[in-house]
Structures are given as structure tokens and as C-alpha cells.
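Here the structure comes first, spelled out in C-alpha cells, and everything after it is commentary.
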Amino acid sequence: SKRAWHSTLHSAMDHGGKGAGYGGGDGWNGPRDFLSSQYGPGASCIDTTQPINVEVAFPVDGTGHMQAMEVTLTQPGKSCPLKMRIGDYKDMAQLSDAMAAGMTPVISYWKSDDMLWMDGKGSDGKGPCATDDAKACGASVKMSGFS
305 SKRAWHSTLH
315 SAMDHGGKGA
325 GYGGGDGWNG
335 PRDFLSSQYG
345 PGASCIDTTQ
355 PINVEVAFPV
365 DGTGHMQAME
375 VTLTQPGKSC
385 PLKMRIGDYK
395 DMAQLSDAMA
405 AGMTPVISYW
415 KSDDMLWMDG
425 KGSDGKGPCA
435 TDDAKACGAS
445 VKMSGFS
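The opening position of the sequence shown corresponds to residue 305 in my numbering, with each subsequent residue numbered one higher.
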């Protein structure tokens, strides 16, 4: 979103998963891997009013088992990439097996007036949004350059 970013690993039965990024929660703290001054409209590292480059890697150990999910956000003209790493997920072995069997990554874009679970202020007050307005969301986004 323009104000929050979540990258999450989920196993088949773990709907909450393990996430990284920047967001809030409605009464709980979401991930705090970077700050609103670094990510958001007009931010210093990722200005969400402009296109964003997203790189995702799944490094493996010497035996081919997935060790982490690494996400890097960059933007042309900005010299401060935002990096996230999820390497301590309890179901990593299960995800590694699923990835080896063949898996399609999923990217979702949707809107709701009930998104504070992702972008709320959180109990520490450092999350990005006090309220949500689905009408403020664009009708679509452009995604390209997959490899």
C-alpha cells in the first residue's frame, strides 16, 4: 500500500504466518523493519507515489533447503534500499519442501475500509494509519519485469 508494506511467509495451516515490513495493527504492533519517514508518500527511501522495484530471493543452504525469504525495495534515484529478511519461521522446512515441489508466488492488491490489522497505528502509535478509506485506493496497479 502507499503507507504499509508486508511480506509474509505462510505454511498451509498457518494463516498468520511470519511477516516483515512496516505496518501497524489494530491494538498490536505490526512489523517495524523501517519507518514512515523511509516508506510512504514523499518518503526518503521509497516514495510510494512513484514506481517501486521489488526483489525477492529465497536463499538455500548447501543441501538445497530454504533458509529465508529476503525482500529488497528500491527506487530509481534513491540510495537507501529497504531490506527485509524472514529466516526464523517455524515452518521453514515445510515451505522449503513446497517450494521444491513447485510453487507460484502470490502478489495481492485489494482495498477495504477494514485494513487497520495491516496498517493501523499499533499499540506503540508508530504505525502509519489511524483510519482506513478504501475510496483512496487506486483502481489498479501496474506490475512488470517478473523473472
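Note that the Cβ used here is the ideal one computed from N, Cα and C, for glycine as well.
Delimiting residues of the beta strand (DSSP E) encompassing residue i
i           : result
residue 309 : 309 to 313
Residue i, DSSP secondary structure in three states
i           : result
residue 388 : strand
residue 316 : coil
residue 330 : coil
residue 419 : coil
residue 464 : One cannot answer for residue 464 here, as it falls past the ends of the chain, which runs 305 to 451.
Counterpart residues of residue i in DSSP-defined beta bridges
i           : result
residue 376 : 359 and 387
residue 324 : 311
residue 344 : 351
residue 433 : 424
First through last residue of the alpha helix (DSSP H) which encompasses residue i
i           : result
residue 365 : Unbroken run through residue 365: none, as it is neither H nor E.
residue 400 : 396 to 405
Inter-residue CB distance, residue i and residue j (contact presumed, cutoff 8 Å)
i           : j           : result
residue 449 : residue 328 : The Cβ separation is near 29 Å, so there is no contact.
Below-7 Å beta-carbon distance, residue i vs any chain E residue
i           : result
residue 440 : No chain E appears in this structure, which consists of one protein chain only.
Three or more C-beta pairs below 8 Å linking the region 321 to 339 and the region 375 to 394:
yes
Say whether the region 375 to 383 touches the region 406 to 425, bearing in mind that this needs 3 or more beta-carbon pairs closer than 8 Å, one atom from each stretch.
no
Does the region 436 to 449 touch the region 398 to 405, meaning 3 or more C-beta pairs lie closer than 8 Å?
no
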